[in-house]
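These notes concern the structure reproduced below.
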Amino acid sequence: MARKLKVIVNAVPLTGVNTGIGRYLRCLCAHIESRHGSEVSLSYFDGRRVLPSMPAPAASVAGRSRLTKLLWSLPPAAALAARLAVHARREWAFYNAAKGFDVYHEAAFFPFLAPKGVRTVFTVHDLSLIRYPQHHPRERVLYFEMFFRRRLKRVSRYLAVSRFTRREMREVLGITEDMVDITYNAVEPEFFRPRPGESLVPGLAPGEKYFFFLGTNDPRKNPQVIPKALAQSGLDTPLALAGWSGWAADAAGPGRVIELGYVPDEALPGLYSGALALVYPSMYEGFGLPVLEAMACGCPVITANAASLPEVGGEACLYLDNPSDPGEMAQAMRRLAHDQDLREALRLRGLEQAAKFRWGDSADAAVAAYFKAAT
């Protein structure tokens, strides 16, 4: 192709809270622009119009959180109707905005309808809405089920964030692996690196260690088990919980639990660096970005021997065979708390493992997928 490939990205996830899909898109697209600007021209659909550069994230996290909780407090039928109204408006705007592009990249629930001649590349993060529908709001599941499988028929090429997710796509959806390229999540090493002394946890003395969890109160992530395990461990080490949550369940429990709520990206390296360990007992992850971020900051990790997590953590983590068992988790916590040599070994292995994941490699894979889709 003599001219640049014109790609339109659904950037609506970039306008919300900067977690998960938004972070994936922001980092991936930034590296595509820097590495492949001579081959590919990226434009961004923000829900209303096409922008030449990435939109900024939401200015008010608290406002977005209140809006989400309000939506989830509605009866499922009313919440679904509200979601469908927003979807219809955005899809119509997208259809008109996408005319003239070669490729459309989607990384959220499912693709919009694209104009004729525009090829769709779809990033699949996980299949939790199929595997664990009981852990999602009912209206979200209904919305997903209305569109997801039908829209797959319009996809020219897929991206997956792990080999685990690619395997799930084959087993659950029947998508052959030759149709799927891997675009791992990664971290920016100049940002996510050991930063001792930068942690600011309210109520803790400078240098005081703590166990750390980052994520939502999504039940499949198992945060409710951690305070129980800490209480059983007999340790006096506090637990810091961080993350934006739309789930109503409260992860707090017995022991010294400090709820930080949503924390900006700028604070994360310090929080990881100051922790005794990240405890991440999720039962199902398409990738598990907090595990990678923690390792890059020299923070030991306790996580589940499940889904994609061993693929991300390699030999650098302590794994739980039953992440829902507080007793097994308590034993892992005690091991780390009492064994300095083990902590140092995991720290070094984690730094080495984290260095294997690079946004540049994922950007290269995504651009290759764009060209495969376009030809």
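Quick note on the working numbering: the sequence shown kicks off at 151 and runs consecutively. Quick reminder that beta carbons are idealized off the backbone N, C-alpha and C, glycines included.
Check: C-beta neighbour in chain D for residue 267, strict 8 Å; Outcome: Within the model displayed, chain D is absent; a lone protein chain is all it includes.
Check: CA-to-CA distance, residue 521 to residue 398, given in whole angstroms; Outcome: Bear in mind that the predicted position of residue 398 carries a pLDDT of just 38, short of 50, making it unreliable; the figure below should be weighed with that in mind. So the two alpha carbons sit approximately 43 Å from each other.
Check: Residue 503 burial status per 10 Å Cβ neighbour count (16 or more: buried); Outcome: buried
Check: Rounded Cβ spacing between residue 244 and residue 297 (contact assumed at less than 8 Å); Outcome: Wrong, their Cβ atoms sit about 14 Å apart, outside the cutoff.
Check: Reduced DSSP secondary structure (H/G/I, E/B, other) of residue 435; Outcome: coil
Check: C-beta contact flag for residue 273 and residue 305 at 8 Å; Outcome: no
Check: Collapsed DSSP secondary structure at residue 424 in the structure displayed; Outcome: helix
Check: At least 3 beta-carbon pairs within less than 8 Å: the region 403-422 vs the region 457-472; Outcome: no
Check: Beta-ladder partner(s) of residue 451, from DSSP; Outcome: 428
Check: Chain-order list of residues whose beta-carbon lies under 7 Å from that of residue 353 (same chain, five-residue window excluded); Outcome: 408
Check: Environment of residue 287 [buried if 16+ CB atoms lie within 10 Å]; Outcome: buried
Check: N- and C-terminal bounds of the beta strand (DSSP E) containing residue 256; Outcome: 253-256
Check: Start and end residues, beta strand (DSSP E) containing residue 315; Outcome: Premise fails: residue 315 lies in the alpha helix (DSSP H), 313-323, not in any beta strand (DSSP E).
Check: Option in 499, 430 and 477 with minimal Cα separation from residue 448; Outcome: 499
Check: Straight-line gap, residue 402 to residue 372 (C-alpha atoms, nearest Å); Outcome: Because the pLDDT of residue 402 is 48, which lies under 50, any placement of that residue in the model is unreliable, and the number read from its coordinates should be weighed accordingly. In a straight line, the C-alpha of residue 402 is about 12 Å away from that of residue 372.
Check: Terminal residues of the beta strand (DSSP E) in which residue 234 lies; Outcome: It is not in any beta strand (DSSP E) - residue 234 instead sits in the alpha helix (DSSP H) that spans 226-247.
Check: Minimum C-alpha distance to residue 174 - residue among 348, 337, 379 and 514; Outcome: 337
Check: Cβ neighbours of residue 251 in the same chain (closer than 6 Å, five flanking residues each side left out); Outcome: 156, 158 and 268
Check: Inter-residue Cα distance where the pair is residue 389 and residue 377; Outcome: 7 Å
Check: Contact the region 419-434 vs the region 339-349: 3+ CB pairs below 8 Å; Outcome: yes
Check: Outcome for residue 242 when other beta-carbon atoms lying within 10 angstroms are tallied against a minimum of 16; Outcome: exposed
Check: Limits of the unbroken alpha helix (DSSP H) element including residue 342; Outcome: Counting along the chain, residue 342 falls outside any alpha helix (DSSP H), and DSSP gives it neither H nor E.
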